[in-house]
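Chemist: Residue numbers (the numbering used here): -14 to 216. What follows is a structure written as structure tokens; I'll ask about it next.
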């Protein structure tokens, strides 16, 4: 007897339930531990999907069209990425990264508000088409995927056309949505700032203001500067 595949909504709900439970437990030892746990949950749940529901994808090393888009992240992802890069990069490369963050933030803040989402500016973590922080990349970076390199390139070449999109796998997207939803719910329950901030501006503030990390740890709003993108 054949068994019907679960609905996409059912996939998202099931993953969210697993994610919030695992995130709550991991939060006992800190938000960074909880973030790593939800990453593992998402990876495990993706492996459970039927093969045709998880690939093949057009995404590959050196394809960086999406790395010029604005990414929304929560504070724990920002600090985790900074900690990973500080440990992984040489002193020279770390200084280059910090300079790239400052430059990208300056470029973005110089733009009119209606052009922030429609202007290609490379992520400061990017180097020669590759992500220097791939292992610690934010959840929204992990969830972004495409079945067509050509569609991504067309969107990249016409960033002002927000009607352009790219084909994705619905089940894969639902796993990521459920995982992130459970993680955010656990952060909220524990009183941590789970707001979504634009990545470049959040990196810039975290590097400039050490108190941002302390505010997050004290369950206050981590980033206080004028937001580039309203969440």
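Note that CB positions come from ideal geometry on N, CA and C, so glycine has one too.
Go through its chain and collect everything with a Cβ distance to residue 0's Cβ below 6 Å, but skip five positions before and after it.
Modeler: Contacts found: 30, 160, 163 and 164.
Chemist: Assign residue 182 to one of two classes, buried (16 or more other C-beta atoms within 10 Å of its C-beta) or exposed (fewer than that).
Modeler: buried
Chemist: What's the C-alpha gap between residue 119 and residue -8?
Modeler: 31 Å
Chemist: Can you look up residue 182 in the DSSP assignment and give me helix, strand or coil?
Modeler: strand
Chemist: Would you check if the distance between the CB atom of residue 43 and the CB atom of residue 131 is smaller than 8 Å?
Modeler: yes
Chemist: Are residue 125 and residue 56 closer than 8 Å when you measure CB to CB?
Modeler: yes
Chemist: Excluding five sequence neighbours on each side, which residues of the same chain lie with their C-beta closer than 7 Å to the C-beta of residue -3?
Modeler: 159, 162 and 163
Chemist: If I'm right that residue 38 touches residue 156 with Cβ under 8 Å, what's the distance once you round it to whole angstroms?
Modeler: 4 Å
Chemist: Do the segment 15 to 29 and the segment 92 to 110 make contact, defined as three or more Cβ pairs closer than 8 Å?
Modeler: no
Chemist: Which whole-angstrom value describes the C-beta separation of residue 152 and residue 140, a residue pair presumed to lie in contact below a C-beta threshold of 8 Å?
Modeler: Between residue 152 and residue 140, the beta carbon gap of about 12 Å keeps them out of contact (Cβ cut-off 8 Å).
Chemist: Mind checking who residue 111 pairs with in its DSSP beta bridge?
Modeler: 116
Chemist: Quick check on the burial criterion: 16 or more other C-beta atoms within 10 angstroms. Buried or exposed for residue 41?
Modeler: exposed
Chemist: For residue 121, tell me which candidate among 90, 69 and 148 has the shortest Cα-Cα distance.
Modeler: 69
Chemist: Roughly how many angstroms separate the alpha carbons of residue 61 and residue 172, rounded to a whole number?
Modeler: 10 Å
Chemist: Return the bridge partner residues of residue 58 from the DSSP annotation.
Modeler: 182
Chemist: Secondary structure at residue 153, three-state DSSP: helix, strand or coil?
Modeler: coil
Chemist: CA-CA distance, residue 167 and residue 148?
Modeler: If you draw a straight line from the Cα of residue 167 to the Cα of residue 148, it is about 29 Å long.
Chemist: Going by the beta-carbon positions, is the gap between residue 5 and residue 93 smaller than 8 Å?
Modeler: no
Chemist: Excluding the five sequence neighbours on either side, which residues of its own chain have a C-beta within less than 8 Å of the C-beta of residue 83, listed in chain order?
Modeler: 192
Chemist: Can you look up residue 214 in the DSSP assignment and give me helix, strand or coil?
Modeler: coil
Chemist: For residue 209, count neighbouring C-beta atoms within 10 Å of its own C-beta (all shown protein chains included) and say buried if the count is 16 or more, exposed if not.
Modeler: exposed
Chemist: Is residue 99 helix, strand or coil by DSSP?
Modeler: helix
Chemist: Quick one: using the 10 Å Cβ neighbour count with 16 as the cut-off for buried, is residue 190 buried or exposed?
Modeler: buried
Chemist: Restricting to runs no shorter than 4 residues, where is the alpha helix (DSSP H) found entirely within the segment -13 to 31?
Modeler: -7 to 12
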